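Have a look at the structure below, then the notes.
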Amino acid sequence: MKPNRSVITRISETISRLENLTTLYAFFFVVIAVLGLVTLPFITYHDDQLYPKTIDPNSSLNPYDRGGVPFGTTPVKAQYPENSPYVGYVTTYLTPLSHWLADHTLHIGTTIVAHPGGIIDEILYNTRGLDTVVETSILFVAFAIASYLFRRDN
Amino acid sequence: MFNLPTGNIGGQELFVLEFGDIVNYFSPYTAALFVFALIFTVLAIVSRPERQVDIAFGGDAYGAKEVSIDLMRFQRFMAIACGLATLGAMVSGDVFNFTLFASLVGITNIGIVAAYRNRHVLNAAFQYGIVAMLATVPLFGGAAIILASTGTLSMWELFADGVAVPIIAKAFLVLGVMGEGMAPFYVAKAEITRAQGAPFILMVHVSSLLLFLRVIEIVISM
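Here the protein sequences come in this chain order: A and B.
Anchor point for the first sequence: position 132 equals 133 in my numbering, and the numbering is continuous, going up by one each time.
Anchor point for the second sequence: position 216 equals 211 in my numbering, and the numbering is continuous, going up by one each time.
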C-alpha cells in the first residue's frame, strides 16, 4: 500500500527527475504560446519602424535589396543619429562577380547575398555594430566546442 | 539622452557607453551586477581547478580525480567567455543585443559541461542543451514582437511611459532567459555540479542567476 502522499510531494517528485526537464519546459512554452496566440489580435503593428523592410520584386537583388547608391550618402534611419555620423555613407556595394550576376538574372538574389562579399552594406550594421560582434562570437564559441569534442580523443 | 526614463528600478544612470543605436548604461543596479560578474570572471581567470576526492565509505580508501590539462584549458576558456557574455548582458541597453548575449551565455554554459566524460553530467548537459535550443525561439520571438509592436529596440525608448510593450513579449523574454540560463531549473544543475572543476562550473550558476536578475529589471521597467 502506498502511503498517502500530498500533492506537493508528487509535484516535487516529478520535477526532480532530470528526464522530465524538457517536458516541463515544453509545457511552460506551450502554455505561453497559447496565451500568445489568444492575445495576438490585440497586438498592433507599429507603422513607424526603426528598421524598415521593403520588397521590390523587380529588383535583381530581391528580397535583399537595401537600396542606396554605392559610396554615396543614403538616408538611413537611426535611433541616435549623433552616434553614427557616417551612417548610410557606404552602402550596397557589389563585388564584380555579384554585379555580373545581378545584371544578367533576376532570380538569384539570395545567392548573391549568401556568397562571400555579395552585398557589402552598412545600412543596418553601421548602427548595430555590437550585434554583429556578438553574433560572430556565438558562432565562434559553437565551433570551438565542436572542434574540442571532435579532436579530444587524438 | 543622458537621463534614463525610469529611475525607480535601478536608479539613474552613472555612465553611458554608446555603440551606435545600442547604448549601454550603468545604473547602480546594473553596475552592481556588472561588478559581481567581473569578480567571478577574474576568479575564473586566476584560479586552478579543484580536485575531487572520493572516499570509500567505511574504509580508508580514497581516490582523487585528476583534471587533465586539456580539459582545464578548454573549461577555463569557456568560463571566461561565459563571464564576458554575462558582463555584456548586464549593461546592455538594447533588447536584441541582450538576447544575443543571453544566447551566448547559454552556449558557453553547454561548452563548460559538455567536455566531461561522466555519464550523469553528460545526461544533464544533453537535457540542458535541448532546453537551451528550444529557448532561442521565445527569446528572439520576444525581441521580434517588441520590435514589431513598438518599432524600436532601444531600452531607452522602451522604458519611457508612453510606449506599451505587449505582455506576451515580456513573457516570451522571461521564458527564453529561463531556458538559456536555467535559472529555475536547478534539477539539471544539481547533476551538473557533480562534475569536478569547481571555479569553472560555478560560472554556470553565476551567469544564469545574474541573467535572470537582469531580465526581471528589463521586464519591470518596460
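Every residue, glycine too, gets a C-beta built ideally from N, C-alpha and C.
This one's a predicted model, so the numbers in the text were calculated from it and none came from an experiment.
Beta-carbon proximity check, L168 of chain B vs F30 of chain A, cutoff 8 Å
Translated into the one-based positions of the second sequence, residue 168 of chain B becomes position 173. Translated into the one-based positions of the first sequence, residue 30 of chain A becomes position 29. No, Cβ-Cβ distance for L168 of chain B and F30 of chain A is not below 8 Å.
Tell me the start and end of each unbroken alpha helix (DSSP H) in the segment 4 to 80 of chain A that is at least 4 residues and wholly inside, in chain order.
8 to 16, 22 to 40
Please name the residues in the segment 86 to 97 of chain B whose beta-carbon is closer than 9 Å to at least one beta-carbon of chain A, in chain order.
S87, D89, F91, N92, L95, F96
Per DSSP, which residues does A14 of chain B bridge with? Please list them.
On the second sequence, position 19 is the one that residue 14 of chain B refers to. What sits at residue 14 of chain B in the sequence shown is Phe, not Ala. B:I17, per the DSSP bridge assignment.
Could you name the residues of chain A that E13 of chain B contacts, counting a contact when the two beta carbons are closer than 8 Å?
In the second sequence, counting from the first residue as 1, residue 13 of chain B sits at position 18. In chain order: Y81, N84.
Could you tell me whether the Cβ of T103 of chain B comes closer than 8 Å to any Cβ of chain A?
Position 108 of the second sequence, counted from the start, is the residue given in the question as residue 103 of chain B. So, interface residue.
For the segment 155 to 177 of chain B, enumerate the residues whose C-beta is nearer than 7 Å to any C-beta of chain A, in chain order.
P161, I163, A166, F167, L170, G174
Please classify F144 of chain A as buried or exposed, where buried requires at least 16 neighbouring CB atoms within 10 angstroms.
As a first step, residue 144 of chain A is located in the first sequence; it is residue number 143 there, counting from the start. It is exposed - the Cβ of F144 of chain A has fewer than 16 other Cβ atoms within 10 Å.
Do S144 of chain B and P161 of chain B have their beta-carbon atoms positioned less than 8 Å apart in this structure?
For the purposes of this step, residue 161 of chain B is taken as the residue at position 166 of the second sequence. For the purposes of this step, residue 144 of chain B is taken as the residue at position 149 of the second sequence. Contact: yes.
Let me confirm a value: L150 of chain A is counted as buried when at least 16 other C-beta atoms fall within 10 Å, else exposed. Which label applies?
For this step, residue 150 of chain A is matched to residue 149 along the first sequence. Per the 10 Å Cβ criterion, exposed.
Is the CB of N118 of chain B under 8 Å away from at least one CB in chain A?
Indexing the second sequence from 1 puts residue 118 of chain B at position 123. Cβ-Cβ to chain A under 8 Å: yes for N118 of chain B.
Provide the residue span of the alpha helix (DSSP H) that contains V218 of chain B, from first to last.
Since the first residue shown for chain B is -4 and the last is 217, residue 218 of chain B is missing from the structure and cannot be characterised.
Go through its chain and collect everything with a Cβ distance to F21 of chain B's Cβ below 7 Å, but skip five positions before and after it.
Taking the second sequence and counting its residues from 1, one reaches residue 21 of chain B at position 26. These residues qualify, in order along the chain: E8, L9, F10, F29, V86.
Under three-state DSSP, which class holds I109 of chain A?
As a working note, residue 109 of chain A is residue 108 in the first sequence. Reduced to three states, the DSSP call for I109 of chain A is coil.
Can you tell me which of the three DSSP states A159 of chain B falls into?
Position 164 of the second sequence, counting from 1, holds the residue named residue 159 of chain B. Note: A159 of chain B maps to coil in three-state DSSP.
So, is N5 of chain A buried or exposed, given that buried needs 16 or more other C-beta atoms within 10 angstroms?
Along the first sequence, read from residue 1 onward, the residue named residue 5 of chain A stands at position 4. That one is exposed.
Under the three-state reduction of DSSP, which class applies to Y149 of chain A: helix, strand or coil?
Within the first sequence, numbered from 1, the residue matching residue 149 of chain A stands at position 148. In this structure, Y149 of chain A counts as helix in the three-state DSSP scheme.
T145 of chain B CB to nearest chain A CB: under 8 Å?
Here the question's residue 145 of chain B lines up with position 150 in the second sequence. True, the Cβ-Cβ gap to chain A drops below 8 Å.
My assumption, with CB atoms under 8 Å, is that L131 of chain A sits in contact with N92 of chain B. Please give the rounded CB distance.
Start at 1 with the first residue of the first sequence, and residue 131 of chain A comes out as number 130. Start at 1 with the first residue of the second sequence, and residue 92 of chain B comes out as number 97. That belief holds up - the Cβ atoms of L131 of chain A and N92 of chain B are roughly 6 Å apart, short of 8 Å.
Beta carbons nearer than 7 Å to chain B: which residues of the segment 33 to 49 of chain A have them?
I33, L36, G37, T40, I44, T45, Y46, H47, D49
Suppose the cutoff is 6 Å on Cβ atoms and the five residues either side in sequence are ignored; what does the same chain contact list for M73 of chain B look like?
As a first step, residue 73 of chain B must be located in the second sequence, where it is residue number 78. Excluding sequence neighbours, M73 of chain B sits near T103, G106, I107.
In chain A, which residues lie with their C-beta within 9 Å of the C-beta of I149 of chain B?
Reading the second sequence from its first residue, position 154 is the one you call residue 149 of chain B. The residue you asked about is not Ile; residue 149 of chain B is Ser in the sequence shown. Within 9 Å Cβ-Cβ: L51, Q80, Y81.
Taking Cβ-Cβ distances below 9 Å as the criterion, which residues of the segment 131 to 145 of chain B are in contact with chain A?
V132, P133, G136, I140, L142, A143, S144, T145
Sorted by chain position, which residues of the same chain lie with C-beta nearer than 8 Å to N21 of chain A's C-beta, five sequence neighbours on each side aside?
Within the first sequence, residue 21 of chain A is the residue found at index 20, counting from 1. Contacts found: T15.
Do you know whose CA, among A:D154, A:V134, A:H105, A:Y26, lies nearest G83 of chain B's CA?
Here the question's residue 83 of chain B lines up with position 88 in the second sequence. The shortest C-alpha separation from G83 of chain B is found at A:V134.
Please classify E175 of chain B as buried or exposed, where buried requires at least 16 other C-beta atoms within 10 Å of its C-beta.
Position 180 of the second sequence holds residue 175 of chain B. That one is buried.
Buried versus exposed, by CB contacts within 10 Å (16 or more), A59 of chain B:
Within the second sequence, residue 59 of chain B is the residue found at index 64, counting from 1. Exposed: under 16 other Cβ atoms inside 10 Å.
Could you give the distance in angstroms between the alpha-carbon of S202 of chain B and the alpha-carbon of D104 of chain A?
One-based indexing of the second sequence puts residue 202 of chain B at position 207. One-based indexing of the first sequence puts residue 104 of chain A at position 103. Approximately 50 Å between the Cα atoms of the pair.
Within its chain, find whatever has a CB closer than 7 Å to the CB of F96 of chain B; leave out the 5 residues flanking it on each side and keep chain order.
By one-based count along the second sequence, residue 96 of chain B stands at place 101. A80, G83, A84, S87, listed in sequence order.
Runs of 4 residues minimum, wholly inside the segment 42 to 95 of chain B: which ones carry the alpha helix (DSSP H) assignment?
64 to 86
Go through its chain and collect everything with a Cβ distance to F135 of chain B's Cβ below 7 Å, but skip five positions before and after it.
For the purposes of this step, residue 135 of chain B is taken as the residue at position 140 of the second sequence. Closer than 7 Å at the Cβ level, and outside the excluded window around F135 of chain B, lie T94.
State yes or no: is the C-beta of A76 of chain B within less than 8 Å of the C-beta of V142 of chain A?
In the second sequence, residue 76 of chain B corresponds to position 81, counting from 1. In the first sequence, residue 142 of chain A corresponds to position 141, counting from 1. Yes.
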